[in-house]
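Peer 1: Encoded as structure tokens, here's the structure I'll be asking about.
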Amino acid sequence: MIKINKILILLLMIIFNVVIFTACWDNKDLTEKAFVTAVGVDRTAEGKVQLTLQIVKPTVMKAGEQGIPEEEAFWVFTTVGDTIFEAAKNQMTAVNRKPFYNHADLMVIGEEFARDGIMDALDFWERNHEPRLGSDIIIAKGTTAEEILKAKSDMEKIPSLHIKSILKNSKELAKVKKVTIIDVLKQLIQPGVSPAIGAIEIVEKEDLQKIEDMKIDSTAVFKGDKLVGWLNAAQTRGLLFIQNEVRNAVYNVDNPLNKNKKVAIEILDSNGKIDAQIVEWKLILSIKIDAVGNIADQQGKGDLTTKETFKKLSRDVENAIKTDIKDVLSIAQKEYKSDIFGFGEVMYRRHFEYWKQIKDDWADIFSNASIEIDVNVKIRGTGIIGKPSEVR
Amino acid sequence: MIRNERISPVQLSFIMIGFIFGSSAIITPAVSAYQDAWLAYIIGWIGGYILIGIYAYISILNPSKTFIEILKDVFGKYIGSIIGIFYIWYFLHLAGLVFRNLGEFMIVSIYTETPLIFIIISIALVLAYSLKKGLEVIARVGQIIVPMMLILVISIFLLVMGHYEVKNLLPFLEHGFLKVLKVSFSVLTFPFGETVVFLMIFPYLNDKKDLFKTSYISLTVIGMILLSVVMSNLMILGADMLNRQIFPSHITISLIPGIAVEPFIAINLIIAASMKITMCLYASLIGIAQLFGLDDYKPFINPVVAIAVVISIWVYDSLSDMVRWAGEIYPYYVIPFQIIIPLLVLIILKIKRRDGSSAL
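First to last, the protein sequences are chains U and S. The numbers in our numbering rise by one with no breaks, and the one at position 364 of the first sequence is 364. The numbers in our numbering rise by one with no breaks, and the one at position 254 of the second sequence is 254.
In structure tokens form, the structure reads like this:
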């Protein structure tokens, strides 16, 4: 009898538990959430914050109804508020589902907003538990984040995925500066370094804007958290070499054996290092790049596989890289006076006593410093053929 | 001795590992030493060996007595009981603090809309049940879940290895060595000094001669794991960010690309913090029973758990209050409990032994 009672009580408890422990307290079903894939932040003319959310449509309607050929798989909403959080909440007046930021992988910041300082946008991201700090961040050059997020994509159903894939291409082509929000935050709180963030710009203005009409090959230069200017593609490449973010790059140099023809050298790996040394209380800044390359494409005739041509080619590539680096150094030093390379950070880490004395004047010291550049390129191979095919 | 309960050295070491990991899985005071957090942590860790050595030695001198009984022996019935009451309060308070840490972490990082009290009470109910089952059951549970927790921690911190930046450890001693020492004292008191709770548990060990070995092995294991947690947080987030984050491990984990493993941190925390709270509550229950000369602590379980829950709600107004209190006041608050009284007890015990005047 007692045994049966025990079993009965146990059964009752199990049933009871099943009923009350089915879900979390603040449980929200998937169907009640709106998945945000990208967030855009702009400044309106009145000085308010304009927030743009790119939201995945949970059910993409099929073609046929009412003659609409195909519907987009995303919505773009824009609201305004004094703070980002308020704007995010105002969104709920128009969106019937609660925005869910855990999958927001991209943050686009409009140029106007960036000029006032991006920290106002990043605090929201850092403070709230849903957005992830590993998300990518990008600056909308000469336009608003809204324009960028409204653009459609032919390649991807969700346009922000398209932008993210382009950012991933930075591994393939050293013209794209990919940074995540946590990188930016770290650089902002780190003394002696200012962030540089990749920028997206519209190349062709069209009525139905597409991501394919945009490109990401420039970089936004910040001083503190305020946008001060831009780097072009070559300067971006120089910056990436200095920051040791080059995995693959292409340089065209003259064919040493055939006038007016070009040879493409593919940089396969590069090792960049910056250093700051103090010799007799004098500051010496230096950059050292060690790169390895291949001949990837040859125009014109000639057997390039000899030692002399290799030497000549590598010297040409070295000079080309040096030009890029000098270019970016001079614009950062003279025009923007912003240490985006982190020489100040090296000072702070390695020469802390010295840094303490100069940290207030660092912008001036940096902009007047002469920086030694040492580039070594080693050409290693010629692809799977040696000499080019000769046309007879 | 209240009940004839026995735990093995292996079980004790797992309990100790879970206990020390406790809330230090998510907050460690070491972060306020900035880049030198690792150094502050190591110094505190070494200090932990000394403290645990003292506690173990006290217990070896009185193999079958809990700390409350030892206090009565050493200071006499009345003074000893008064100090004992303070210790019971400390154990209860500690349980409340850990309850709050756990609850705050849950509502900040995962269950943002759930009331704090709901989370704390649901954990408290489970712990009350396990306390009813007694130390042997708790130890066996620990033997199963603590290794799981260790595997999770190790694998998580291997996953984030790609983000390590060694430069974050420089410059060395930016804020001076004094600051490091100060922080290392905080590390000593939280979590290592909190093992004073085990003075109530050591008598239940079935093999007393392994006491030193067991406690030192578990301290070494957990010390290395906590060191790896501190080091990876520091190398990934950098000193400033580490110092600003309330729960740095949570952020570090969220940087693992592709998969979201943040819940693992919460799982670890629930395992370790439950172990810690259980031990604190068990110690205070035993203490209450012995103080009043009862032979069973069971009637006190529900009221004591309820008091701990209430304390956990009362102690702080807010999360920032909790962080500040844990960093600035707690190290001084626990000095008598963790250092002065145990040291005094040990000295008096040694003197009494030498005199031979006591029949200990």
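Ideal placement from N, C-alpha and C gives every residue a C-beta, glycine not left out.
1. Can you look up Asp101(U) in the DSSP assignment and give me helix, strand or coil?
2. Between the Cα of Leu227(U) and those of Asp339(U), Glu146(U), Ile295(U), spot the shortest distance and give me the residue it belongs to.
3. Anything in chain S within Cβ reach of Tyr348(U), meaning under 9 Å, just list it in chain order.
4. Ignoring anything shorter than 3 residues or poking outside the stretch 73 to 101 of chain U, list the beta strand (DSSP E) runs there in chain order.
5. Any beta carbon of chain U sitting closer than 7 Å to that of Leu255(S)?
6. Establish whether the CB of Lys182(S) and some CB of chain U are separated by less than 7 Å.
7. Identify each residue in the stretch 93 to 121 of chain S for which the Cβ-Cβ distance to at least one residue of chain U is less than 9 Å, and report them in chain order.
8. Establish whether the CB of Gly67(U) and some CB of chain S are separated by less than 7 Å.
9. In chain U, what lies closer than 7 Å to Ile251(S) by C-beta?
10. Based on the DSSP output, what are the partners of Met214(U) in its beta bridges?
11. Round the Cβ separation of Tyr49(S) and Leu219(S) to the nearest angstrom and send it over; I've been treating them as touching at under 8 Å.
12. Would Glu345(U) be called buried (16 or more neighbouring beta carbons within 10 Å of its own) or exposed?
13. Answer yes if the stretch 75 to 90 of chain U comes into contact with the stretch 180 to 189 of chain U, meaning at least three C-beta pairs across the two stretches below 8 Å, and no otherwise.
14. Measuring straight from C-alpha to C-alpha, what distance separates Met61(U) and Lys205(U)?
15. Under 8 Å by Cβ, that's how I've got Ala220(U) and Ile139(U) pegged, so tell me the actual separation to the nearest angstrom.
16. Excluding the 5 residues flanking Leu291(S) on each side, which residues of the same chain have their C-beta closer than 8 Å to its C-beta?
17. Classify Tyr348(U): buried if its beta carbon has 16 or more other beta carbons within 10 angstroms, exposed otherwise.
18. Do Ala145(U) and Asp42(U) have their CB atoms nearer than 7 Å?
19. Using beta carbons (cut-off 7 Å, strictly below), is Lys65(S) in contact with chain U?
20. How is Val193(U) classed by DSSP in three states: helix, strand or coil?
21. Decide if the stretch 165 to 176 of chain U is in contact with the stretch 86 to 104 of chain U; the criterion is three or more beta carbon pairs, one per stretch, under 8 Å apart.
22. Only counting the same chain, and skipping five residues up and downstream in sequence, which positions put a Cβ closer than 7 Å to that of Lys322(U)?
23. Buried or exposed, going by whether 16 or more other CB atoms sit within 10 Å of the CB of Thr143(U)?
24. Any residues in the stretch 290 to 301 of chain S with a beta carbon nearer than 7 Å to a beta carbon of chain U? Which ones, in chain order?
25. Quick check: the Cα distance between Ala233(U) and Gln277(U), rounded to an integer number of angstroms?
26. Please identify the residue among Pro388(U), Lys141(U), Ser370(U) whose C-alpha is closest to the C-alpha of Asn255(U).
27. Grab the span of the beta strand (DSSP E) containing Val49(U) for me, first residue to last.
28. By the 10 Å Cβ neighbour count, where 16 or more other Cβ atoms means buried, how is Trp281(U) classified, buried or exposed?
29. In the DSSP assignment, what residue or residues form a beta bridge with Arg244(S)?
30. Taking a contact to mean a Cβ-Cβ separation below 7 Å, would you say Phe100(U) touches Phe35(U) in this structure?
31. I'd like to know whether the C-beta of Lys359(U) is nearer than 7 Å to at least one C-beta of chain S.
32. Buried or exposed: which applies to Gly293(U), given that a residue is buried once 16 or more other Cβ atoms fall within 10 Å of its Cβ?
33. Leu97(S) to Asn302(S), Cα distance in whole Å?
34. Compare the C-alpha of Ile265(U) against each of Ile325(U), Gly272(U), Val253(U) and name the closest.
35. So the beta strand (DSSP E) Ala273(S) belongs to, where does it begin and stop?
36. Using 7 Å as the threshold, is the C-beta distance between Ile20(S) and Pro248(S) below it?
Peer 2: Taking the structure as given:
1. A small fix is needed here, since residue 101(U) is Tyr in this sequence, not Asp. Three-state DSSP puts Tyr101(U) in coil, outside helix and strand.
2. Asp339(U)
3. Leu170, Pro171, Glu174
4. 74 to 81, 98 to 100
5. yes
6. no
7. Val108, Ser109, Ile110, Tyr111, Thr112, Glu113, Thr114, Pro115, Phe118, Ile119
8. Summary for Gly67(U): the model assigns pLDDT 48, below 50, so the residue's position carries little reliability; its value from the coordinates is reported in the next sentence. Closer than 7 Å: no.
9. Leu133
10. Ile202(U)
11. 6 Å
12. buried
13. no
14. Model confidence at Met61(U) stands at a pLDDT of 45, short of 50, so the residue's coordinates are unreliable; what they give is reported in the following sentence. Roughly 29 Å separates the two Cα atoms.
15. 4 Å
16. Ile68, Ser81, Gly84, Ile85, Ile88
17. buried
18. yes
19. no
20. coil
21. no
22. Ile373, Val375
23. buried
24. none
25. 30 Å
26. Pro388(U)
27. 49 to 56
28. exposed
29. Answer is none; Arg244(S) lacks a bridge partner.
30. yes
31. no
32. buried
33. 18 Å
34. Val253(U)
35. Not the beta strand (DSSP E): Ala273(S) falls in the alpha helix (DSSP H), residues 262 to 291.
36. no
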